[in-house]
Amino acid sequence: RQLIQVAPEYLSPSGLWMVEMMQGQMDTIVLLLDHAGYTNIQRLRDLEGVDRFAMALTP
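In structure tokens:
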């Protein structure tokens with residue numbers, strides 16, 4: 013949560029933000045990104061088909 017909140021301070025507007033997470037956390041991360049104003053939110057899977065990375069553009 014803290015990374016989602018502070019990332020825009022360190023990245024350019026519409027900068028690329030990407031994070032790896034444990035299985036089962038994707039829905040929460042996507043919701044937090046959406047509520048924080050991030051755009052173009054994408055879910056990326058690992059080689060086994062598990063949601064592993066979230067990628068978005070900073071607000």
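Counting from 13, one number per residue, gives the positions in the sequence shown under our numbering.
Heads up, the beta-carbon is just placed ideally off N, CA and C, and yes, glycines get one too.
Residue j beta carbon less than 8 Å from that of residue i
i   : j   : result
A66 : V31 : yes
Residue closest to residue i, alpha-carbon to alpha-carbon, out of the options
i   : options       : result
G36 : D63, A68, T70 : D63
I16 : H47, M34, G61 : H47
Closer than 8 Å to chain C by CB, residue i
i   : result
L15 : Absent from the structure is chain C; it holds one protein chain and no more.
Own chain, CB closer than 7 Å to residue i, minus 5 neighbours either side, in chain order
i   : result
P72 : Only positions 13 to 71 of the chain appear in this structure, which leaves residue 72 out of reach.
L56 : R64, F65, M67
Other residues of its chain near residue i: CB distance less than 6 Å, five sequence neighbours each side excluded
i   : result
G27 : T70
Residue i, enclosing beta strand (DSSP E) - first and last residue
i   : result
Q14 : No beta strand (DSSP E) contains Q14, which is instead part of the alpha helix (DSSP H) from 14-22.
Span of the alpha helix (DSSP H), counted from its first residue to its last, around residue i
i   : result
M38 : 38-47
Proximal residues to residue i (C-beta, below 8 Å), its chain only, five neighbours per side dropped
i   : result
T51 : S26, A68, L69, P71
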